[in-house]
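Protein chains: 2
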Amino acid sequence: MHAVIIAGGSGSRFWPKSRENLPKQLLSIVGQKTMIQNTVGRITPVIPVENMWVITNEQHAFETCYQLKDFGFSPSQLLTEPVARNTSAAIGYSAKILSQSNPDAIMAIFPADHVINTTEPFLKLLKQAETIANENHLVTLGIKPTSPETGYGYIKQGKIIKENYFKVDRFIEKPDKLTAEKYLKEGRYYWNSGIFVWKVSALLNEISLYLPKLHEQLEELAFNTAPIKGKYPYQTLSASGKKVFHSLESISIDHGVMEKSNKVIVLPADIEWNDVGTWTSLAAISKNDSHRNVISGNVVSIDNSDSIIQADNRLVAALGLKNIILIDTPDALLVCAKERAQDIKKVVEKIKSDKRPEVSTTISETRPWGSYTVLQKETNYLVKRIEVLPGESLSLQSHDHRSEHWTVVSGVAQVQIGETSQTLNANQFVEIPKGAKHRLANMNETPLIIIEVQLGDKLDEDDITRYEDKYGRDE
Amino acid sequence: MHAVIIAGGSGSRFWPKSRENLPKQLLSIVGQKTMIQNTVGRITPVIPVENMWVITNEQHAFETCYQLKDFGFSPSQLLTEPVARNTSAAIGYSAKILSQSNPDAIMAIFPADHVINTTEPFLKLLKQAETIANENHLVTLGIKPTSPETGYGYIKQGKIIKENYFKVDRFIEKPDKLTAEKYLKEGRYYWNSGIFVWKVSALLNEISLYLPKLHEQLEELAFNTAPIKGKYPYQTLSASGKKVFHSLESISIDHGVMEKSNKVIVLPADIEWNDVGTWTSLAAISKNDSHRNVISGNVVSIDNSDSIIQADNRLVAALGLKNIILIDTPDALLVCAKERAQDIKKVVEKIKSDKRPEVSTTISETRPWGSYTVLQKETNYLVKRIEVLPGESLSLQSHDHRSEHWTVVSGVAQVQIGETSQTLNANQFVEIPKGAKHRLANMNETPLIIIEVQLGDKLDEDDITRYEDKYGRDE
Chain A
1 MHAVIIAGGS GSRFWPKSRE NLPKQLLSIV GQKTMIQNTV GRITPVIPVE NMWVITNEQH
61 AFETCYQLKD FGFSPSQLLT EPVARNTSAA IGYSAKILSQ SNPDAIMAIF PADHVINTTE
121 PFLKLLKQAE TIANENHLVT LGIKPTSPET GYGYIKQGKI IKENYFKVDR FIEKPDKLTA
181 EKYLKEGRYY WNSGIFVWKV SALLNEISLY LPKLHEQLEE LAFNTAPIKG KYPYQTLSAS
241 GKKVFHSLES ISIDHGVMEK SNKVIVLPAD IEWNDVGTWT SLAAISKNDS HRNVISGNVV
301 SIDNSDSIIQ ADNRLVAALG LKNIILIDTP DALLVCAKER AQDIKKVVEK IKSDKRPEVS
361 TTISETRPWG SYTVLQKETN YLVKRIEVLP GESLSLQSHD HRSEHWTVVS GVAQVQIGET
421 SQTLNANQFV EIPKGAKHRL ANMNETPLII IEVQLGDKLD EDDITRYEDK YGRDE
Chain B
476 MHAVIIAGGS GSRFWPKSRE NLPKQLLSIV GQKTMIQNTV GRITPVIPVE NMWVITNEQH
536 AFETCYQLKD FGFSPSQLLT EPVARNTSAA IGYSAKILSQ SNPDAIMAIF PADHVINTTE
596 PFLKLLKQAE TIANENHLVT LGIKPTSPET GYGYIKQGKI IKENYFKVDR FIEKPDKLTA
656 EKYLKEGRYY WNSGIFVWKV SALLNEISLY LPKLHEQLEE LAFNTAPIKG KYPYQTLSAS
716 GKKVFHSLES ISIDHGVMEK SNKVIVLPAD IEWNDVGTWT SLAAISKNDS HRNVISGNVV
776 SIDNSDSIIQ ADNRLVAALG LKNIILIDTP DALLVCAKER AQDIKKVVEK IKSDKRPEVS
836 TTISETRPWG SYTVLQKETN YLVKRIEVLP GESLSLQSHD HRSEHWTVVS GVAQVQIGET
896 SQTLNANQFV EIPKGAKHRL ANMNETPLII IEVQLGDKLD EDDITRYEDK YGRDE
């Protein structure tokens with residue numbers, strides 16, 4: 001069995017922790033690991049990592065490779081989209097790529113950012129779904145509802161096929177409360193989980209029937225796909241491939257295929273699934289205190305109830321709150337009435353229309369070589385903490401508008417300026433003059449940390465000319 | 476007329492904006508200026524600055540001098556307490572010092588951290604109070620109540636003396652709501668403002684009658700008071716004077732003298748006074764928006780009402796809040812139900828008992844030479860922004876546990892290391908080795924800003940040996 005993990009989050013509903021540059025699947029919303037790490041880890045007992053594929057927006061490619069490195073995930077099995085075009089595009093493209101080497105493989109689709117609390121029954125169902133899919137059915141996992149949720153789509157079961165799975169009678173859009181209660185009572189309705197299992201050829205055949213234009217375009221996409229040159233050779237589309245992708249119809253696989261096909265099977269699943277759709281979901285999937293709060297981080301809490309409070313480094317003091325969501329991050333804070341959690345996207349829209357950076361980036365950004373954190377930004381200077389991972393190096397580069405001053409605080413730095421190289425230990429300093437070609441590298445086995453002071457008349461990430469880059473970012 | 480401004484705030488009710496190191500009077504709670512600046516500025520039309528005295532805790536001496544510098548306030552008229560011992564001690568001590576040069580001066584007492592919105596009638600009343608005080612009365616300003624406040628003490632008027640002032644019938648502790656409503660209706664009750672006017676000799680005479688032990692101790696305090704050596708020669712107590720101050724009884728001037736003396740006069744005042752006792756006071760003294768919010772700083776506000784939201788640099792997004800107080804600072808955040816504003820001191824007590832630094836300091840601290848801000852603190856390094864004011868210099872000092880790396884980002888630095896001095900401009904760097912005697916000075920007319928990276932095994936403010944200090948901190 002092969003897996004395709006759909007990592008297409010846009011990062012608005014979990015703002016300010018999620019950003020455009022850091023969507024939900026790349027965050028540890030619950031527990032230590034990120035959601036995509038949990039998604040991969042959960043299925044490894046039944047799907048070997050060499051059969052796993054991930055599809056994500058290209059801006060998240062390096063971070064995704066980095067987060068999945070310890071699983072042995074190969075960057076060459078990371079497919080990238082230049083833009084989001086809904087699940088028909090992402091799934092169709094993945095299926096097409098997979099069909100080149102394994103046209104009759106069984107392919108399971110998993111959203112990268114959902115929670116499943118009971119792994120064993122889930123894996124058992126996957127194995128069963130594999131068997132059913134082998135008979136050219138399109139299998140969808142239907143979650144047994146535990147409450148009258150109005151935030152999910154539903155699937156109504158049709159006639160029974162075998163003891164525990166059914167033809168699908170119909171797919172249903174998010175219902176109102178009364179209807180959801182009726183569904184819960186009747187018992188033949190399931191939440192649409194977005195988890196599917198099918199044979200690659202069976203899916204592509206249905207796409208050719210119901211989305212013929214997409215089927216044609218997939219050919220072009222596959223032809224225009226190649227790994228980038230560099231340390232993490234993930235798959236990318238050529239310029240013309242990207243153009244095709246942009247032109248794809250934005251339609252969900254449910255609307256595009258599942259609702260039309262007569263090969264669809266629903267396999268009911270009782271697996272404590274949650275799509276973690278808003279901050280309020282945390283109350284359902286996290287440990288609550290005796291006043292039904294979910295509190296984490298550096299918090300002084302007095303007399304609060306039914307609230308979600310997430311602190312970062314800063315001290316957060318909360319007093320007498322009820323039904324409040326409070327999410328603190330170094331550069332942005334959200335405080336919101338719980339009943340308004342669905343409207344956090346309004347906040348994000350407002351911030352976006354105000355062209356504020358907090359919609360897309362945080363003060364800490366990851367790069368293929370490590371990460372940096374902006375400690376202070378003023379008009380004439382900028383202070384950064386830069387961490388270079390063992391064995392990694394920044395590109396050979398220069399800046400037109402700034403000089404840089406580096407003080408090594410931890411680890412060992414290899415610094416090239418012009419044609420000369422030097423080694424700097426902790427407590428040593430170097431200046432990079434404006435315009436000088438330079439490169440910073442960490443050849444040691446411990447992280448390298450430097451404090452950088454930039455001075456200049458224009459201090460932004462765009463003032464960079466790259467001459468060489470081991471991650472292919474100079475192309 | 477002389478003024479004594481009582482600047483004794485402890486910084487708990489306006490936490491996290493106020494701290495032990497930065498109490499309310501030193502903050503700009505409303506408008507641009509700090510509360511003590513407003514207090515001084517308000518009375519300058521009737522009391523010349525050379526007749527103004529301020530009494531404050533010694534830890535706030537330099538900052539108080541700095542804030543009052545532009546008024547021409549002389550540091551030699553700043554009295555300092557080693558510890559808070561309530562208003563009898565502070566007022567008695569000030570009166571005693573004043574009596575040495577002006578035994579029969581008229582002395583007006585002003586709390587440093589109250590708001591008065593109608594200055595002209597207030598100043599007129601002060602002039603009248605001066606006249607009444609000349610007849611050896613102790614005059615207290617009684618504020619005409621505008622609501623049934625339970626947070627203030629009250630004064631009941633006795634028999635009329637002249638058309639607009641009265642003997643005091645009695646002083647009354649904070650009443651309950653029903654009693655306060657009765658007072659408001661009856662109309663012969665006033666809020667106890669803590670503003671007093673009397674002849675120095677008259678007050679000292681009443682102290683000798685009702686607080687005879689204090690009267691005796693004041694002699695010792697005065698004898699042990701002298702200006703410090705240095706650029707800001709504020710008055711300080713010698714070690715034995717401090718010991719005496721510690722032993723003073725902690726009692727308010729109301730309990731100690733006013734309730735007992737038969738010379739007390741209440742002068743009713745209709746002057747839009749507010750003691751700014753909690754964050755909720757802001758709603759009364761600030762501009763509200765159409766949903767009764769008081770919002771300032773970098774805030775995205777959607778559908779909030781009856782809330783107080785103060786942001787700092789960070790983006791604060793508030794959505795659907797009602798009756799919430801949200802105060803954001805770089806290192807600590809408070810979010811609190813409005814009705815619980817009185818309990819913020821519980822938060823402060825908790826933080827104090829947890830020995831967290833946020834109870835006393837912020838990441839930005841002022842010093843007589845300027846200020847610094849901690850940008851990042853880790854176990855092995857610390858990054859600071861240091862600003863040295865024009866003409867100022869840090870002490871000649873050394874550190875046993877750390878080296879320091881300075882990059883000048885603005886202004887011109889005079890740097891002495893050992894016996895050699897050098898001038899550094901923006902974009903220049905210097906290292907101060909561990910153990911080296913060094914000094915940083917700004918001889919220019921623009922502020923000097925440097926980024927400092929400290930490295931060492933112990934990074935705290937106590938690791939400093941001072942050899943010379945222009946502010947007398949080496950004594």
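So the protein lines, in turn, are chains A and B.
According to my numbering, the first sequence holds residues 1 to 475 in order.
According to my numbering, the second sequence holds residues 476 to 950 in order.
Positions of the beta carbon are idealized from the N, C-alpha and C atoms, including for glycine.
Just so we're clear, the structure is a prediction, and the values are computed from it rather than from any experiment.
Cβ shell of residue i (< 7 Å), same chain only, five flanking positions each side left out
{"i": "leucine 248 (chain A)", "result": "Arg85, Ala89, Leu214 and Gln217"}
{"i": "arginine 860 (chain B)", "result": "Tyr847, Thr848, Leu850, Ile924 and Ile926"}
{"i": "valine 558 (chain B)", "result": "Phe720 and His721"}
{"i": "valine 46 (chain A)", "result": "Met1, Leu123, Leu126 and Lys127"}
{"i": "proline 578 (chain B)", "result": "Val675 and Ser676"}
Proximal residues to residue i (C-beta, below 6 Å), its chain only, five neighbours per side dropped
{"i": "serine 238 (chain A)", "result": "Asn224"}
{"i": "phenylalanine 122 (chain A)", "result": "Ile116 and Ile271"}
{"i": "valine 412 (chain A)", "result": "Asn425 and Asn444"}
{"i": "glutamate 387 (chain A)", "result": "Gly370, Ser371, Pro447 and Ile449"}
{"i": "isoleucine 647 (chain B)", "result": "Tyr629"}
Reference residue i, options the options, closest by Cα
{"i": "leucine 967 (chain B)", "options": "B:Phe641, B:Gly484, B:Glu862 and B:Ile591", "result": "The shown model of chain B, from 476 to 950, leaves out residue 967 (chain B), and the question about it has no answer."}
{"i": "lysine 820 (chain B)", "options": "B:Thr753, B:Leu930 and B:Ile770", "result": "B:Thr753"}
{"i": "asparagine 749 (chain B)", "options": "B:Val590, B:Asn667, B:Gly483 and B:Tyr541", "result": "B:Val590"}
{"i": "asparagine 773 (chain B)", "options": "B:Val643, B:Ile760 and B:Pro805", "result": "B:Pro805"}
{"i": "asparagine 427 (chain A)", "options": "A:Thr407, A:Thr362 and A:Lys17", "result": "A:Thr407"}
{"i": "glutamate 936 (chain B)", "options": "B:Lys499, B:Glu840, B:Ile518 and B:Ile530", "result": "B:Glu840"}
{"i": "phenylalanine 500 (chain B)", "options": "B:Gln507, B:Gly506 and B:Gly486", "result": "Inspection of the sequence shows that residue 500 (chain B) is occupied by glutamine rather than by phenylalanine. If we check each option's Cα against that of glutamine 500 (chain B), B:Gly486 comes out closest."}
{"i": "threonine 593 (chain B)", "options": "B:Gln552, B:Val905, B:Ala744 and B:Val834", "result": "B:Ala744"}
{"i": "alanine 283 (chain A)", "options": "A:Ser307, A:Ile265, A:Ile302 and A:Lys263", "result": "A:Ser307"}
{"i": "aspartate 938 (chain B)", "options": "B:Met510, B:Pro620, B:Pro922 and B:Gly910", "result": "B:Gly910"}
{"i": "alanine 311 (chain A)", "options": "A:Ser305, A:Asp303 and A:Ala332", "result": "A:Ala332"}
{"i": "alanine 604 (chain B)", "options": "B:Thr898, B:Gln817 and B:Trp673", "result": "B:Trp673"}
{"i": "threonine 44 (chain A)", "options": "A:Thr56, A:Leu389, A:Ile5 and A:Val347", "result": "A:Ile5"}
Cut-off 8 Å between Cβ atoms - residues of its own chain near residue i, not counting five sequence neighbours on either side
{"i": "serine 261 (chain A)", "result": "Leu138, Glu206, Leu209 and Tyr210"}
{"i": "threonine 940 (chain B)", "result": "Gln872, Ser873, His874 and Asp875"}
{"i": "aspartate 474 (chain A)", "result": "Ser395, Arg466, Tyr467 and Glu468"}
Contact list for residue i against chain B, beta-carbon separation under 7 Å
{"i": "histidine 405 (chain A)", "result": "Thr882 and Phe904"}
{"i": "aspartate 331 (chain A)", "result": "Arg789 and Leu790"}
Contacts that residue i makes with chain A (C-beta to C-beta distance below 9 Å)
{"i": "glutamate 814 (chain B)", "result": "Gly320"}
9 Å Cβ cut-off: residues of chain B touching residue i
{"i": "lysine 350 (chain A)", "result": "Val775, Ile777 and Ala792"}
{"i": "alanine 426 (chain A)", "result": "Asn855, Tyr856 and Leu930"}
Neighbouring residues, chain A, relative to residue i (Cβ below 8 Å)
{"i": "lysine 649 (chain B)", "result": "Chain A residues near lysine 649 (chain B): none, gap ~22 Å exceeds 8 Å."}
{"i": "aspartate 787 (chain B)", "result": "Going along chain A, no residue has its Cβ under 8 Å from aspartate 787 (chain B), so there is no contact; the nearest lies around 10 Å."}
Rounded distance between the beta-carbons of residue j and residue i, thought under 8 Å
{"i": "tyrosine 381 (chain A)", "j": "valine 453 (chain A)", "result": "6 Å"}
{"i": "valine 957 (chain B)", "j": "methionine 582 (chain B)", "result": "This structure cannot speak to residue 957 (chain B), because chain B is shown only from 476 to 950."}
{"i": "valine 415 (chain A)", "j": "serine 421 (chain A)", "result": "7 Å"}
{"i": "alanine 222 (chain A)", "j": "lysine 96 (chain A)", "result": "5 Å"}
{"i": "serine 94 (chain A)", "j": "leucine 79 (chain A)", "result": "6 Å"}
{"i": "proline 963 (chain B)", "j": "proline 708 (chain B)", "result": "As shown, chain B starts at 476 and ends at 950. That puts residue 963 (chain B) outside it, with no answer to give."}
C-beta atoms of residue i and residue j nearer than 7 Å
{"i": "threonine 837 (chain B)", "j": "arginine 494 (chain B)", "result": "yes"}
{"i": "proline 586 (chain B)", "j": "glycine 669 (chain B)", "result": "yes"}
{"i": "threonine 625 (chain B)", "j": "lysine 652 (chain B)", "result": "yes"}
{"i": "leucine 801 (chain B)", "j": "valine 335 (chain A)", "result": "yes"}
{"i": "asparagine 496 (chain B)", "j": "serine 835 (chain B)", "result": "yes"}
{"i": "glycine 41 (chain A)", "j": "proline 23 (chain A)", "result": "no"}
{"i": "lysine 185 (chain A)", "j": "aspartate 169 (chain A)", "result": "no"}
{"i": "alanine 812 (chain B)", "j": "threonine 755 (chain B)", "result": "no"}
{"i": "tyrosine 471 (chain A)", "j": "lysine 231 (chain A)", "result": "yes"}
Cross-chain neighbours of residue i in chain B, by beta carbon under 8 Å
{"i": "cysteine 336 (chain A)", "result": "Ala792, Ala793, Leu794, Gly795 and Leu796"}
{"i": "asparagine 205 (chain A)", "result": "Result: empty, since nearest Cβ-Cβ is about 47 Å, beyond 8 Å."}
{"i": "arginine 385 (chain A)", "result": "Gln851 and Val858"}
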